Amino acid sequence: MNKVRDSAAEAVADIPDGASLAVGGFGLSGVPEVLIRALYERGSTGLRVVSNNCGVDGRGLGVLLAAGRIARVTGSYVGENKEFARQYLSGELEVELTPQGTLAERLRAGGAGIPAFYTPAGVGTQVARGGLPWRYAADGTVAVASPAKETREFAGRPYVLEHGITTDFALVRAWRGDRHGNLVFRKAAANFNPPAAMAGKVTLAEVEELVEPGELAPDAVHLPGVYVQRVVALSAEEAADKRIERLTTSASSTRGAVRD
2 MNKVRDSAAE AVADIPDGAS LAVGGFGLSG VPEVLIRALY ERGSTGLRVV
52 SNNCGVDGRG LGVLLAAGRI ARVTGSYVGE NKEFARQYLS GELEVELTPQ
102 GTLAERLRAG GAGIPAFYTP AGVGTQVARG GLPWRYAADG TVAVASPAKE
152 TREFAGRPYV LEHGITTDFA LVRAWRGDRH GNLVFRKAAA NFNPPAAMAG
202 KVTLAEVEEL VEPGELAPDA VHLPGVYVQR VVALSAEEAA DKRIERLTTS
252 ASSTRGAVRD
């Protein structure tokens, strides 16, 4: 039952080229930075990633993206990652854009063993009709487009069929975790981490604080250890390395701080 690995490098050692990965995080919150860096150092390439976004330039999944290690992304938001946009528009990267709530439910459904579900999100748009560019050609034309999806009415309202997602591996970050893999997420870091962890056939969790079994109150556990196969304890420096994607302050917050 002891799922703790000695290092992140050991935890990711069997992730092969072409593997599919569900990765937790939202922007720079709750991103498994240490596991991603270990995967970068391992050299795995041709990866198929499912994540809300693909990091930013130089952080998170952006590290793998800049190195040309990612072949396909299923996500909701290109965000501030200029390299992501460049690779997508130049035809180097295949991208399946999915409504954010739909993506979260696809991951959760896959982890719960639900093969597909109906949702009103996307009805009447290219999400349902098909034709969204998944990959561009070098000349800017669409090389691969999304297919049309099944739609059906329930109680007079149309819904579109979406498929659950499962992946070979999942990488997540938690605030606290025990040796059995039970995890607790803190505040905004409880974003895509729980459903991503559920979707992975083999889930790797980096934890800011490792505790012994029994120290976590059962009703405080956000994700039970049945979904987690490997745990990596972060050092104090790794746990404290949390960047702010965009710092915004108000005029009132700086009033009085200016000296003559």
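Residue 2 is where the sequence shown starts when you use this note's numbering, and the numbers rise one by one after that.
Heads up, the beta-carbon is just placed ideally off N, CA and C, and yes, glycines get one too.
Owing to the predicted nature of the structure, the values given are computational and were not obtained by experimental measurement.
- For the pair residue 25 and residue 54, the CB atoms are not nearer than the 8 Å cut-off.
- Taking a cut-off of 8 Å for Cβ pairs, the stretch 65-72 and the stretch 44-51 touch, as three or more such pairs fall below it.
- Under a 10 Å Cβ-count criterion, residue 248 is classified as exposed, with fewer than 16 other Cβ atoms of the shown protein chains found around its own Cβ.
- Using a Cβ distance threshold of 8 Å, residue 50 and residue 62 count as a contacting pair.
- Under the three-state reduction of DSSP, residue 226 is assigned to helix.
- Annotation: the continuous beta strand (DSSP E) that includes residue 177 extends over 168-179.
- Annotation: the stretch 71-95 contains the following complete segments of the alpha helix (DSSP H) (minimum length 4 residues), in chain order: 83-90.
- For residue 138, there is no enclosing alpha helix (DSSP H), as DSSP marks it with neither H nor E.
- Between the C-alpha atoms of residue 190 and residue 30 there is a straight-line separation of about 5 Å.
- Segment contact: the stretch 224-237 against the stretch 177-193, three or more CB-CB distances shorter than 8 Å; contact assigned.
- In this structure, residue 12 keeps its C-beta atom at 8 Å or more from the C-beta atom of residue 42.
- In this structure, 121 is the residue among 36, 121, 241, 27 with its C-alpha nearest to the C-alpha of residue 157.
- Counting only the Cα atoms, residue 186 lies some 13 Å from residue 240.
- By the Cβ-count criterion, residue 167 is buried, with 16 or more other Cβ atoms from all chains shown falling within 10 Å of its own Cβ.
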